[in-house]
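**Student:**
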Amino acid sequence: MTDLIQSTARHAREIPDHEAVVFVSGYGEDAVTRTLTYGQLAQDAQSVAAELRLHCEPGDRVLLLFPTGLEFVKGFLGCLYAGLVPVPVPLPGRGSGQRRRTTGVLQDCGATAVLTDTATHPEVADWLEQEEQSHVRTVVTEAAPPVAPDRYAWPAPAPEQLAFLQYTSGSTSDPKGVMVGHGNLDHNFGELRALLDVGPGSTVCSWLPLFHDMGLIAALLLPLDSGLRTVLMPPTDFVRRPYAWLELIHTYRATHSYAPNFGYNLAARTVTDELLSRLDLSAWRCAANGAEPVHAQTMDLFAKRLAPTGFRADAMRPAYGLAEATLGVTATPVGHEPRVALVDAADLERNRFRPRPDGAPLVSCGAPAGLEVRIVDPATRQVLADGEVGEIWLRGGSLAPGYWEKPEVNAEVFDVATADGDRGHLRTGDLGVLHEGELYVTGRIKDLLIVNGRNLYPHDIERESTGLHPAFGGLTASVFSVPGGSSGEDLVVVQEVRQARLAGTGLDTLAGEVKLALSRSLGVPVGNVVLLKPGKVQRTTSGKVQRSRMRQLFVAGELDPLHEDLAPRTRDRYRPAAVTEDGADA
């Protein structure tokens, strides 16, 4: 096994002047470019490591609170060189939900220090004070003094030693940190090289957040381990100007760049003909599409829209992965256009996979390259034959040993046995089918919602919703997602309300306030709010919210709402009868 400590130190000796990370912020004349060579990266990481060793013991967890940039890279590697466990998380921000989530991660992992940069330090210090966590030491990367390369002995970790914690929960109350070991990471690097065709001469370009597993591992750590160049930009720059992502790929002749489905959809729909005429994307040979459901419409739109730039349809690579498996599991084979099966949609909703010429499109996520993929009946745990829909179970060296300090959950998710006693499997909670050697993901049996590449847990959004107004106090909410067309899933928030406690607030105003508050808190658009009378949210006899049932009632238009505030595309899709012939609301 090789690890990032050995590989980056080797690159620093053998190719010290090669670019490791290029960070570009801003656009046009305002763009600022900063570069780290492999020699500089190793030296700066070792300086950070020496500083951390003054304050932490080996194995301590260190929260990484950085915007995307070079300081994050130095900090992450600095933790590894020091024998510490980096924990990448989003910045606390100003929204109450994000602040609580970051605090929840801090407390869950028992971090003894927070690592940040000079510019972000005031925000981090304010958050720690507000959350009564000022006892946690803060270390600033730029403040670490230089050290002589031969002053310290850097660790050679064992395969089972913890490399970092990857927190998967988009919630605020129950964060779960996947324990990724050095051996897991090394194994998944091998898979990703095969799945994504990463090798000598590759350049990776990414706007993905570095606390996101795809952004961290595929776009940063894999290139660093391989001695390649990775080009990063802030996620906010992509959101403001998606064209900047394409221009960066053009400028650096990037061969690999990845995004969730919504990223490809946004770029294709916003780029103009004039901007396209400036681009040469012929070097881009791997455009992996993962982290949320992949839509055939989006792939087709993107490939056709960017064809004049030299982008080829066989560069689009639908993929499947999850943090519990370190990252990558399957991807479309190199040099093949993605497979799209036409299947009976009604059968698929009943977990039956039946191709038909006039069926609904379902995108293949390709074949595995180093993990065993099995389809299992989630109730009986019987292994199913090809063509049968069941839960996706995995086995192999990339699988993490479990979540940090979650033994009860781990017993249900990791090292699980099939009905015949065959152990060592990870239960993904995803539904899928193997067909002609490739994996098709058909749905989710877990409550996880994926919106704009974000993992969100409905019970936490429900809890936050019920606290937004006195008229919601003591009542129930239900949160689910519905298909939103080529752009992915759309959130729907259903909330019971006591009209007697509105205090003059109109239902339309209240719904708008809920949309705004939750959008700010979650960091994703909340375009749909439905207000119901008390007792109308369906629950089981034990009191659990029946989210699937509520989704069915919403789609069928059978909720009998007091008020619905729906996004235009949601209204058009699910309430066509509410629109008159001239297009105005009835």
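The sequence shown begins at 15 in this note's numbering and counts up one residue at a time.
C-beta atoms are modelled at their ideal positions from N, C-alpha and C, and glycine is treated no differently.
All values reported here derive from a predicted model rather than from experimental measurement.
Evaluate the contact criterion for the region 474 to 490 versus the region 441 to 449: three or more CB pairs, one atom per stretch, below 8 Å.
**Tutor:** Because the criterion of three Cβ pairs below 8 Å is not met, the region 474 to 490 and the region 441 to 449 do not touch.
**Student:** How big is the Cα-Cα spacing for Thr394 and Leu320?
**Tutor:** Residue mapping note: residue 394 aligns to position 380 of the sequence shown, counting from 1. Residue mapping note: residue 320 aligns to position 306 of the sequence shown, counting from 1. Cα to Cα, Thr394 sits roughly 46 Å from Leu320.
**Student:** Quick check: is the beta carbon of Pro375 nearer than 8 Å to any beta carbon in chain D?
**Tutor:** Structure shown: chain D not included; a single protein chain is present.
**Student:** Where does Gly277 fall in DSSP's three states?
**Tutor:** Within the sequence shown, numbered from 1, the residue matching residue 277 stands at position 263. Helix, per DSSP.
**Student:** Quick check: the Cα distance between Trp221 and Glu426, rounded to an integer number of angstroms?
**Tutor:** Within the sequence shown, numbered from 1, the residue matching residue 221 stands at position 207. Within the sequence shown, numbered from 1, the residue matching residue 426 stands at position 412. So the two alpha carbons sit approximately 35 Å from each other.
**Student:** Spatial neighbours of Ile263 within its chain, please: CB distance less than 7 Å, with the 5 preceding and 5 following residues excluded, ordered by chain position.
**Tutor:** Residue numbering aside, residue 263 sits at position 249 when the sequence shown is read from its first letter. Same-chain partners within the cutoff: Cys219, Ser271, Leu295, Trp298.
**Student:** For Phe80, name the three-state secondary structure that DSSP assigns.
**Tutor:** Counting from one through the sequence shown, the residue named residue 80 turns up at place 66. Of the three classes helix, strand and coil, the one that applies to Phe80 here is coil, per DSSP.
**Student:** What's the C-alpha gap between Ser185 and Asp140?
**Tutor:** For this step, residue 185 is matched to residue 171 along the sequence shown. For this step, residue 140 is matched to residue 126 along the sequence shown. The predicted model places Ser185 with a pLDDT of 35, which falls under 50 and marks its position as unreliable, so this point remains unresolved.
**Student:** Looking at the secondary structure, which residues open and close the beta strand (DSSP E) in which Thr4 lies?
**Tutor:** This structure does not reach residue 4, given that the chain is present from 15 up to 600, and the question cannot be answered.
**Student:** According to DSSP, simplified to helix, strand and coil, what is Glu419?
**Tutor:** Position 405 of the sequence shown holds residue 419. Coil.
**Student:** How would you write the range of the alpha helix (DSSP H) that Ser533 sits in, first residue to last?
**Tutor:** Position 519 of the sequence shown, counted from the start, is the residue given in the question as residue 533. Membership of Ser533 in the alpha helix (DSSP H) is indicated by the continuous run 521 to 536.
**Student:** Please identify the residue among Arg468, Arg151, Val465 whose C-alpha is closest to the C-alpha of Leu66.
**Tutor:** Position 52 of the sequence shown, counted from the first residue, corresponds to residue 66. If we check each option's Cα against that of Leu66, Arg151 comes out closest.
**Student:** Could you check whether Ala360 and Leu376 sit closer than 8 Å to each other, using their CB atoms as the reference points?
**Tutor:** The residue you call residue 376 lines up with position 362 of the sequence shown. The residue you call residue 360 lines up with position 346 of the sequence shown. Contact: no.
**Student:** Could you pull out every unbroken beta strand (DSSP E) segment of at least 3 residues lying fully inside the region 391 to 472, listed in chain order?
**Tutor:** 404 to 409, 440 to 449, 452 to 458, 463 to 465, 468 to 470
**Student:** If you drop the 5 nearest sequence neighbours on each side, which residues of the same chain put their C-beta closer than 7 Å to that of Ser556?
**Tutor:** Locating residue 556 in the sequence shown gives position 542, counting from the first residue. Confidence in Ser556 is poor, its pLDDT being 49 and thus under 50, which makes the residue's placement unreliable; the coordinate value appears in the next sentence. None.
**Student:** Would Lys558 and Tyr417 qualify as a contact pair, given that the criterion is a beta-carbon distance under 8 Å?
**Tutor:** On the sequence shown, residue 558 is found 544 positions in, with the first residue counted as 1. On the sequence shown, residue 417 is found 403 positions in, with the first residue counted as 1. At the C-beta level, Lys558 and Tyr417 stay beyond 8 Å of one another.
**Student:** I need the boundaries of the alpha helix (DSSP H) containing Phe203, first residue and last residue.
**Tutor:** Here the question's residue 203 lines up with position 189 in the sequence shown. Counting along the chain, the alpha helix (DSSP H) containing Phe203 begins and ends at 196 to 210.
**Student:** Nearest to Val99 by alpha carbon, out of Ala125, Ala23, Leu505?
**Tutor:** Residue 99 sits at position 85 when you count from the first residue of the sequence shown. Residue Ala125 is the option with its Cα nearest to Val99.
**Student:** Under 8 Å: do the region 383 to 401 and the region 170 to 178 share three or more Cβ pairs, one atom per stretch?
**Tutor:** Look at the beta carbons and you see the region 383 to 401 not touching the region 170 to 178: under three pairs across the two are nearer than 8 Å.
**Student:** Once DSSP output is grouped into helix, strand and coil, what is the label at Pro332?
**Tutor:** On the sequence shown, residue 332 is found 318 positions in, with the first residue counted as 1. Reduced to three states, the DSSP call for Pro332 is strand.
**Student:** Nearest by alpha-carbon distance to Leu260: which of Asp579, Asp17, Met228, Thr286 is it?
**Tutor:** In the sequence shown, counting from the first residue as 1, residue 260 sits at position 246. If we check each option's Cα against that of Leu260, Thr286 comes out closest.
**Student:** By the three-class DSSP mapping on this structure, what secondary structure does Arg108 have?
**Tutor:** As a first step, residue 108 must be located in the sequence shown, where it is residue number 94. Three-state DSSP puts Arg108 in coil, outside helix and strand.
**Student:** Less than 8 Å between the C-beta atoms of Leu224 and Leu238, yes or no?
**Tutor:** Here the question's residue 224 lines up with position 210 in the sequence shown. Here the question's residue 238 lines up with position 224 in the sequence shown. Contact flag unset, no.
**Student:** Is the beta carbon of Leu206 closer than 8 Å to that of Leu341?
**Tutor:** Within the sequence shown, numbered from 1, the residue matching residue 341 stands at position 327. Within the sequence shown, numbered from 1, the residue matching residue 206 stands at position 192. Going by C-beta atoms, Leu341 is nearer than 8 Å to Leu206.
**Student:** Determine the closest residue to Gly487 out of Lys420, Pro590, Lys547, with distance taken between C-alpha atoms.
**Tutor:** Against the sequence shown, residue 487 aligns to sequence position 473. Measuring from the Cα of Gly487, the nearest candidate turns out to be Lys547.
**Student:** Could you please give the first and the last residue of the uninterrupted alpha helix (DSSP H) stretch that includes Ala59?
**Tutor:** For the purposes of this step, residue 59 is identified with residue 45 of the sequence shown, where counting begins at 1. First-last of the alpha helix (DSSP H) with Ala59: 52 to 67.
**Student:** Taking Phe568 as part of the alpha helix (DSSP H), name the residues at either end of that continuous run.
**Tutor:** Taking the first residue of the sequence shown as 1, we reach residue 568 at position 554. Residues 561 to 570.
**Student:** Provide the residue span of the alpha helix (DSSP H) that contains Thr490, from first to last.
**Tutor:** Sequence index remark: in the sequence shown, residue 490 carries index 476 (1-based). No alpha helix (DSSP H) contains Thr490, which DSSP labels as neither H nor E.
**Student:** On the premise that His350 lies in contact with Val328, defined as a C-beta separation below 8 Å, what is that separation, rounded to the nearest angstrom?
**Tutor:** Translated into the one-based positions of the sequence shown, residue 328 becomes position 314. Translated into the one-based positions of the sequence shown, residue 350 becomes position 336. At residue 328 the sequence reads Asp, which differs from the Val that was named. Rounded, the Cβ-Cβ distance is 6 Å, consistent with contact.
**Student:** Quick check on the DSSP output: the alpha helix (DSSP H) that includes Val138 runs from which residue to which?
**Tutor:** Residue mapping note: residue 138 aligns to position 124 of the sequence shown, counting from 1. For Val138, the enclosing alpha helix (DSSP H) begins and ends at 135 to 144.
**Student:** Report the partner residues of Glu478 according to the DSSP bridge assignment.
**Tutor:** For this step, residue 478 is matched to residue 464 along the sequence shown. For Glu478, DSSP assigns no beta-bridge partner whatsoever.
**Student:** Report the CB separation of Leu210 from Ala177 in whole angstroms; it is logged as a contact under 8 Å.
**Tutor:** Numbered from its first residue, the sequence shown carries residue 210 at position 196. Numbered from its first residue, the sequence shown carries residue 177 at position 163. With 8 Å as the limit, Leu210 and Ala177 do not qualify as a contact, their Cβ atoms being about 20 Å apart.
**Student:** Does the beta-carbon of Leu532 have 16 or more other beta-carbons within 10 angstroms, so that it is buried, or is it exposed?
**Tutor:** Counting from one through the sequence shown, the residue named residue 532 turns up at place 518. Buried.
**Student:** Does any heavy atom of the ligand HEM sit closer than 7 Å to the C-beta of Gly416?
**Tutor:** What this structure holds is no ligand at all, so the ligand HEM is not there to describe.
**Student:** Verify whether the separation of the beta carbon atoms of Ala302 and Ala333 is less than 8 Å.
**Tutor:** For the purposes of this step, residue 302 is taken as residue 288 along the sequence shown, with counting starting at 1. For the purposes of this step, residue 333 is taken as residue 319 along the sequence shown, with counting starting at 1. Yes; because the gap between Cβ atoms is below 8 Å, this pair is in contact.
**Student:** How is Gln311 classed by DSSP in three states: helix, strand or coil?
**Tutor:** If you number the sequence shown from 1, residue 311 lands on position 297. Residue state, collapsed to three classes: helix.
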